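Notes follow the structure.
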Amino acid sequence: MVAGGKNCGTPRPQQGYSPHRSSGAARNNRGGSGFRGPPQEDLRRSGSTGSRHRRRGARPLLTIYADTSFFVSIYVKDAHSTKADLLLSPGARPCITPLHFAEWAHAIAQQVFRRQMTTAEANRVHQELHDDRTAGVWPSVDVPETALEVCVDLGRRYGPKLGVRTLDSLHVACALELKAERFWTFDDRQLKLARTVGLKTT
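Counting from 5, one number per residue, gives the positions in the sequence shown under my numbering.
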């Protein structure tokens with residue numbers, strides 16, 4: 005599903021819901037499977053609040069787009085999970101799109117295929133992302149209708165030099181068309197492309 009351009013960023017307050025990331029130490033003690041558990045409970049602990057909608061006419065304090073690897077590191081313990089926690093600690097929340105969910109499904113399936121996660125754990129982590137999206141932890145937006153055109157342009161311009169693939173360019177294209185100021189990723193190709201087109205990456 006695609007839609008016109010729409011900013012993504014820090015969500016406005018929702019009464020009774022206060023998300024905040026903790027250090028994640030409790031989740032990291034779950035065992036060696038790589039399953040971390042949901043951020044939602046820890047996200048409820050501070051005064052920073054979450055909702056999928058912004059106040060009409062109000063510009064978000066910080067507009068952030070993260071690729072799917074970032075969301076995987078939030079829910080599945082890996083080499084980048086600590087950095088992902090630190091990026092979220094000020095209360096900033098990247099937006100999430102249908103593209104993320106499509107790529108997420110395959111990323112988690114790969115964890116099961118490689119025997120890094122059980123099927124039961126995969127089902128739990130799928131449900132937790134769904135619950136967090138419903139609760140407004142991540143601002144939910146559609147893929148901009150112009151993102152594919154921008155993706156084509158990025159591929160032709162920077163593919164020969166940076167070796168970017170379709171999803172690399174598409175995520176960066178979405179960030180540009182959503183007017184994001186920052187782009188978070190743990191993928192080297194996307195990182196180089198994002199910096200090349202002027203997106204901040206920290």
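Beta carbons are placed, not taken as given, at the ideal position from N, Cα and C, and that holds for glycine.
Quick caveat: nothing in here was measured; it's all calculated off a predicted structure.
CA-to-CA distance, residue j to residue i, given in whole angstroms
| i | j | result |
| --- | --- | --- |
| residue 98 | residue 167 | 26 angstroms |
| residue 123 | residue 110 | 13 angstroms |
| residue 199 | residue 85 | 22 angstroms |
| residue 83 | residue 77 | 8 angstroms |
| residue 112 | residue 147 | 21 angstroms |
| residue 121 | residue 89 | 21 angstroms |
| residue 131 | residue 91 | 23 angstroms |
| residue 103 | residue 143 | 14 angstroms |
| residue 107 | residue 176 | 15 angstroms |
| residue 160 | residue 174 | 12 angstroms |
| residue 170 | residue 139 | 31 angstroms |
| residue 152 | residue 172 | 12 angstroms |
| residue 137 | residue 70 | 15 angstroms |
| residue 96 | residue 165 | 32 angstroms |
| residue 63 | residue 133 | With a pLDDT of only 40 at residue 63, under 50, the local geometry of the prediction cannot be trusted, and no value is derived from it. |
| residue 187 | residue 141 | 18 angstroms |
| residue 206 | residue 180 | 16 angstroms |
| residue 183 | residue 163 | 22 angstroms |
| residue 126 | residue 119 | 11 angstroms |
Neighbour-count burial assignment, residue i, 16 or more Cβ in a 10 Å radius
| i | result |
| --- | --- |
| residue 94 | exposed |
| residue 117 | exposed |
| residue 196 | buried |
| residue 204 | exposed |
| residue 202 | exposed |
| residue 192 | exposed |
| residue 135 | exposed |
| residue 157 | exposed |
| residue 72 | buried |
| residue 194 | buried |
| residue 114 | exposed |
Min CB distance residue i to chain C below 9 angstroms
| i | result |
| --- | --- |
| residue 187 | Annotation note: the requested chain C is absent from the structure, which comprises a single protein chain. |
Supposed contact pair residue j and residue i - C-beta distance, whole angstroms, cut 8 angstroms
| i | j | result |
| --- | --- | --- |
| residue 189 | residue 74 | 6 angstroms |
| residue 185 | residue 67 | 5 angstroms |
| residue 101 | residue 155 | No, residue 101 and residue 155 are not in contact; Cβ-Cβ is about 13 angstroms, not under 8 angstroms. |
| residue 80 | residue 129 | 7 angstroms |
Run of the beta strand (DSSP E) containing residue i, from where it starts to where it stops
| i | result |
| --- | --- |
| residue 187 | 186 to 188 |
| residue 177 | Taken as a continuous stretch (DSSP letters only), residue 177 belongs to no beta strand (DSSP E), being part of the alpha helix (DSSP H) at 170 to 181. |
| residue 83 | Where residue 83 is concerned, there is no enclosing beta strand (DSSP E), given that its DSSP letter is neither H nor E. |
Residue range of the alpha helix (DSSP H) that includes residue i
| i | result |
| --- | --- |
| residue 198 | 192 to 200 |
| residue 151 | 151 to 166 |
Original post:
Curious, which full-length alpha helix (DSSP H) runs of at least 4 residues does the stretch 89 to 147 contain?
Top reply: Segments of the alpha helix (DSSP H) lying fully in the stretch 89 to 147: 102 to 117, 123 to 139.
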